[in-house]
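Colleague: Dropping the structure in here first, questions after.
There are 2 protein chains.
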Amino acid sequence: MRITILGAGGFLGRKLAARLARDGSLGGRPVTALTLFDLNVPPAPDAAFPIHRIAGDVGDAATLSRAIPAGTDVVFHLAAVVSAAAEADFDLGMRVNLHGTLALLDACRKLEHAPRVVFTSSVASFGGGQQAMVPDDGRQVPANSYGAQKAMGELLLQDASRKGFLDAVSIRLPTVIVRPGRPNKAASSFVSGIVREPLLGLATTCPVGPDFAVWVCSPRRAVDWFLHAAAMDTTPLGIDRGLNPPGLSVTVGELLAALEQVGGAEARALVRFEPDPAIEAIVAGWPAAFAATRARALGFAQQEDAGAVLHAFLADDLEATRAERAMT
Amino acid sequence: MRITILGAGGFLGRKLAARLARDGSLGGRPVTALTLFDLNVPPAPDAAFPIHRIAGDVGDAATLSRAIPAGTDVVFHLAAVVSAAAEADFDLGMRVNLHGTLALLDACRKLEHAPRVVFTSSVASFGGGQQAMVPDDGRQVPANSYGAQKAMGELLLQDASRKGFLDAVSIRLPTVIVRPGRPNKAASSFVSGIVREPLLGLATTCPVGPDFAVWVCSPRRAVDWFLHAAAMDTTPLGIDRGLNPPGLSVTVGELLAALEQVGGAEARALVRFEPDPAIEAIVAGWPAAFAATRARALGFAQQEDAGAVLHAFLADDLEATRAERAMT
Ligand SMILES: NC(=O)c1ccc[n+]([C@@H]2O[C@H](COP(=O)([O-])OP(=O)(O)OC[C@H]3O[C@@H](n4cnc5c(N)ncnc54)[C@H](O)[C@@H]3O)[C@@H](O)[C@H]2O)c1
Ligand SMILES: NC(=O)c1ccc[n+]([C@@H]2O[C@H](COP(=O)([O-])OP(=O)(O)OC[C@H]3O[C@@H](n4cnc5c(N)ncnc54)[C@H](O)[C@@H]3O)[C@@H](O)[C@H]2O)c1
């Protein structure tokens, strides 16, 4: 299997590359080549198969064709300008999130065999708010440019699959927690922050109340979904290539209870509620729960509980995050 | 009011231009300039205001900016490669239907004031089939490239409206009948053909049975909707700029009954049922009815009955169609 990861230097791209290196195979077939593509040369894990690393812009057709060489079986398309950045710079978001996906289609059409494409769409393409339980056929009415660009990408890849140019599965990812690194300007930053910061021994604030619910998954589970989407039989999908995966609807209060279990009362005490109406106004529009019936029936694994999410962070990312943040 | 029609040489573009010329105003404000844009120089109706005619490709930014000059208040975006052509030539459909709409956005962003954009989307962006009664929040899962490109255009214009770059209303048009001219290769061609041909005194076949239902509107009503969309207050739309207008769900049998009323038994006798499984397979996927509750509440006029549709054809298009077809 010849595999390419676009956006391989990002949070989930690195985890996916590491998992492929560890497994050495995908869907029972050995990995024979892995190409890692990102704006800057992405880091490569130790692996028993050759790894090519390419730096370039996903919107640049020539570079992208090098990243998706003849014989490519699977492309994981994770390269994206994420929500706050796409909102702040409309043209940048369009260029990467829409035109990058158009360039991916062009590169795939040059291949002899239509490759499987796993596309990371987002729950940000839905509205509905705290009370919503989004059904599998829920309509996407994005309230932000990032979500609109993701929904357009889904339509494009769905039609390209019907035409036989490629064979896409689009996964509308929940908010992935616990994101390592530092707090950032994303409105969702606090969802990771309220557990990551205390586990690092740092005080933090929570801009919404304890009853606020959010649809989440762990990076481990996200990678499980990517691999399942890469290897599954797509026949049962028909023309509808978008899936709401079985994430977890969790409240801030439940996350903090899990934090207390894992990190003790002193960790929990590092979180102070400090309402922020600007952030509340944004995140209140996000649906907090999805039915995800179709994805479950298609074999996508259920996200475990909040405790498992925190344990995965402790095992996989706490030390690296601590080391990285000590350096700067 | 300075108005531009893209695709002004087509079936509906010509009717819209003629109506504006007749009315001399839009939403109570006088029309001061009209620009007609199409691949070839479009015909211009007699009007009391100046009409500029420009030939060019909607995907070409420079030409399009000339067609949408400073001070433009309203753009009707009707330019499109329609369903059969977009299916036969994927790249052509993408270039006109997607990249043309992207170029429109760029041209609008150059204007000082965000113009109203009326976009003609299509029921071809929905699936569901004969049994479906599509609700206002029905999900668009297009089964053809044309529908996918229209749905992407809607997402783009919706987000651009939210950003204040333009102020869009997208109308998902039903099959517009009676289309003048000749039978064509569109799978829906027979819906017009079974009334147009007999009214011209010509024999024709119907590829589906009398119970087959289809969602239609007349060109008069389509133009009414365009004008309402151009003048309405868009505040109540919020971020959701797509509308299913109140068309008419009509069966082939009902259309033929109306034909008999209007054209007599001899007209009706010119239609022979000749099942065509290939056409049936395509059109069976189209939803035959829409709730259209939201559009009605927003003041979009209801399509009248099949008799009214046929009378409009007799009054507006029969003679011209007869003359045109006699010439070739
Ligand atoms: N992490 C989440 O909570 C979440 C939620 C929903 C969807 N997603 C989607 O999942 C994917 C991966 O998410 P992530 O958290 O790893 O994001 P990330 O920002 O950490 O990684 C994205 C990568 O894309 C790269 N990239 C950006 N512009 C590029 C360009 N022009 N050319 C090439 N590469 C470019 C970035 O350098 C980055 O390494 C993204 O598509 C994201 O939209 C993530
Ligand atoms: N007529 C229907 O039944 C129906 C139904 C649903 C939606 N619509 C939509 O309504 C709109 C008008 O429909 P119509 O029946 O008048 O279609 P039409 O084909 O008669 O007119 C479309 C016009 O667009 C022009 N055009 C095509 N490519 C172009 C390009 N690259 N640059 C500039 N102009 C270009 C064509 O020359 C043509 O004059 C279209 O967007 C169509 O998709 C029509």
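Chains as they are written, first to last, in the UniProt record's numbering: chain A, 1 to 328; chain B, 1 to 328. Every residue gets a Cβ at the ideal spot worked out from N, C-alpha and C, and that includes glycine. These numbers were taken from a predicted model, which means no experiment stands behind them.
In chain B, which residues lie less than 8 Å from Asp-240(A) when you measure between Cβ atoms?
Modeller: Stepping through the first sequence from its first residue, residue 240(A) is reached at position 240. Within chain B, the residues near Asp-240(A) are Val-141.
Colleague: Between the Cα of Gly-253(A) and the Cα atoms of Ala-213(A), Ala-289(A), Ile-282(A) and Gly-238(A), which residue gives the shortest distance?
Modeller: In the first sequence, residue 253(A) corresponds to position 253, counting from 1. It is Ala-213(A).
Colleague: Rounded to whole angstroms, what is the Cα-Cα separation between Val-74(B) and Ala-229(B)?
Modeller: Here residue 74(B) refers to the residue found at position 74 of the second sequence. Here residue 229(B) refers to the residue found at position 229 of the second sequence. About 10 Å.
Colleague: List, in chain order, every chain B residue whose beta-carbon is nearer than 8 Å to that of Lys-163(A).
Modeller: Position 163 of the first sequence, counting from 1, holds the residue named residue 163(A). Ordered by position in chain B, the residues that pass the 8 Å Cβ test against Lys-163(A) are Phe-90 and Ser-145.
Colleague: Verify the CB distance criterion: does Ala-151(B) have a CB-CB separation below 8 Å to chain A?
Modeller: Along the second sequence, one-based indexing puts residue 151(B) at 151. Yes, Ala-151(B) lies at the interface with chain A (some Cβ there is under 8 Å from its Cβ).
Colleague: Mind checking which residues open and close the alpha helix (DSSP H) that includes Phe-11(A)?
Modeller: To locate residue 11(A), count along the first sequence from 1; it is residue 11. 11–23 is the extent of the alpha helix (DSSP H) around Phe-11(A).
Colleague: Thinking just about the alpha-carbon of each residue, which of Ile-279(A), Pro-180(A), Leu-39(A) and Ile-3(A) is nearest to the one in residue 330(A)?
Modeller: No answer is possible for residue 330(A): the residues shown for chain A start at 1 and end at 328.
Colleague: Give the DSSP-derived three-state secondary structure of His-113(A) in the structure shown.
Modeller: The count along the first sequence starts at 1 and reaches residue 113(A) at position 113. Correct three-state label for His-113(A): coil.
Colleague: Name the DSSP bridge partner or partners of Cys-217(B)?
Modeller: Counted from its first residue, the second sequence places residue 217(B) at position 217. DSSP output for Cys-217(B) lists Val-176(B) as bridge partner(s).
Colleague: Compare the Cα-Cα distances from Ala-320(A) to each of Leu-199(A), Cys-206(A) and Gly-238(A) and report the closest residue.
Modeller: Numbered from 1 along the first sequence, position 320 holds the residue referred to as residue 320(A). Of Leu-199(A), Cys-206(A) and Gly-238(A), the residue nearest in Cα terms is Leu-199(A).
Colleague: Taking only three categories from DSSP, how would you classify Ser-188(B)?
Modeller: Here residue 188(B) refers to the residue found at position 188 of the second sequence. Correct three-state label for Ser-188(B): coil.
Colleague: Could you name the residues of chain B that Ala-148(A) contacts, counting a contact when the two beta carbons are closer than 8 Å?
Modeller: Against the first sequence, residue 148(A) aligns to sequence position 148. Those are Leu-155, Leu-156, Gln-158 and Asp-159, listed as they occur along chain B.
Colleague: Looking at Ala-288(A) and Gln-130(A), is the spacing between their C-beta atoms short of 8 Å?
Modeller: Residue mapping note: residue 130(A) aligns to position 130 of the first sequence, counting from 1. Residue mapping note: residue 288(A) aligns to position 288 of the first sequence, counting from 1. The answer is yes: Cβ separation under 8 Å.
Colleague: Counting along the chain, where does the alpha helix (DSSP H) carrying Asp-137(A) start and finish?
Modeller: One-based indexing of the first sequence puts residue 137(A) at position 137. First-last for Asp-137(A): undefined, no H or E at that position.
Colleague: Under the assumption that Gly-147(B) contacts Ala-80(B) (Cβ atoms under 8 Å), give the Cβ distance between them as a whole number of angstroms.
Modeller: If you number the second sequence from 1, residue 147(B) lands on position 147. If you number the second sequence from 1, residue 80(B) lands on position 80. Not a contact, Cβ separation roughly 11 Å.
Colleague: Please return the same chain residues whose Cβ sits closer than 7 Å to the Cβ of Thr-204(A), not counting the five positions on each side in sequence.
Modeller: Position 204 of the first sequence, counted from the first residue, corresponds to residue 204(A). Result list for Thr-204(A): Gly-193, Ile-194, Glu-197, Pro-198, Leu-270 and Val-271, in chain order.
Colleague: DSSP three-state label for Pro-275(B), please.
Modeller: As a first step, residue 275(B) is located in the second sequence; it is residue number 275 there, counting from the start. Residue state, collapsed to three classes: coil.
Colleague: Mind checking if Gly-264(B) is an interface residue toward chain A, Cβ cutoff 8 Å exclusive?
Modeller: Within the second sequence, numbered from 1, the residue matching residue 264(B) stands at position 264. False, the Cβ-Cβ gap to chain A never drops below 8 Å.
Colleague: Could you compute how far the alpha carbon of Pro-180(A) sits from the alpha carbon of Asp-316(A)?
Modeller: Residue mapping note: residue 180(A) aligns to position 180 of the first sequence, counting from 1. Residue mapping note: residue 316(A) aligns to position 316 of the first sequence, counting from 1. Roughly 10 Å separates the two Cα atoms.
Colleague: In three-state DSSP terms, what is Arg-296(A)?
Modeller: Locating residue 296(A) in the first sequence gives position 296, where the first residue counts as 1. Three-state DSSP puts Arg-296(A) in a helix.
Colleague: Alpha carbon to alpha carbon, how far is Trp-286(A) from Arg-139(A)?
Modeller: Residue numbering aside, residue 286(A) sits at position 286 when the first sequence is read from its first letter. Residue numbering aside, residue 139(A) sits at position 139 when the first sequence is read from its first letter. For Trp-286(A) and Arg-139(A), the distance between alpha carbons rounds to 13 Å.
Colleague: Measure the alpha-carbon distance for Ala-186(A) versus Leu-157(B) and round it to whole angstroms.
Modeller: Numbered from its first residue, the first sequence carries residue 186(A) at position 186. Numbered from its first residue, the second sequence carries residue 157(B) at position 157. Approximately 24 Å, taken between the alpha carbons.
Colleague: Just to confirm the assignment: which complete beta strand (DSSP E) runs, minimum length 3, are found wholly within the stretch 37–119 of chain B?
Modeller: Within the stretch 37–119 of chain B, the complete beta strand (DSSP E) runs of at least 3 residues are 51–55 and 74–77.
Colleague: May I ask you to report which of helix, strand or coil DSSP gives Ile-239(A)?
Modeller: For the purposes of this step, residue 239(A) is identified with residue 239 of the first sequence, where counting begins at 1. Correct three-state label for Ile-239(A): coil.
Colleague: So Ser-161(A) is in the alpha helix (DSSP H); what residue range does that whole segment cover?
Modeller: As a working mapping, residue 161(A) is identified with position 161 in the first sequence. 145–162 is the extent of the alpha helix (DSSP H) around Ser-161(A).
Colleague: Can you tell me where the alpha helix (DSSP H) with Val-309(A) in it begins and where it stops?
Modeller: Your numbering for residue 309(A) matches position 309 in the first sequence. Here the alpha helix (DSSP H) through Val-309(A) covers 306–316.
Colleague: What is the residue span of the beta strand (DSSP E) that Arg-2(B) lies within?
Modeller: Reading the second sequence from its first residue, position 2 is the one you call residue 2(B). Note, Arg-2(B): beta strand (DSSP E), 2–6.
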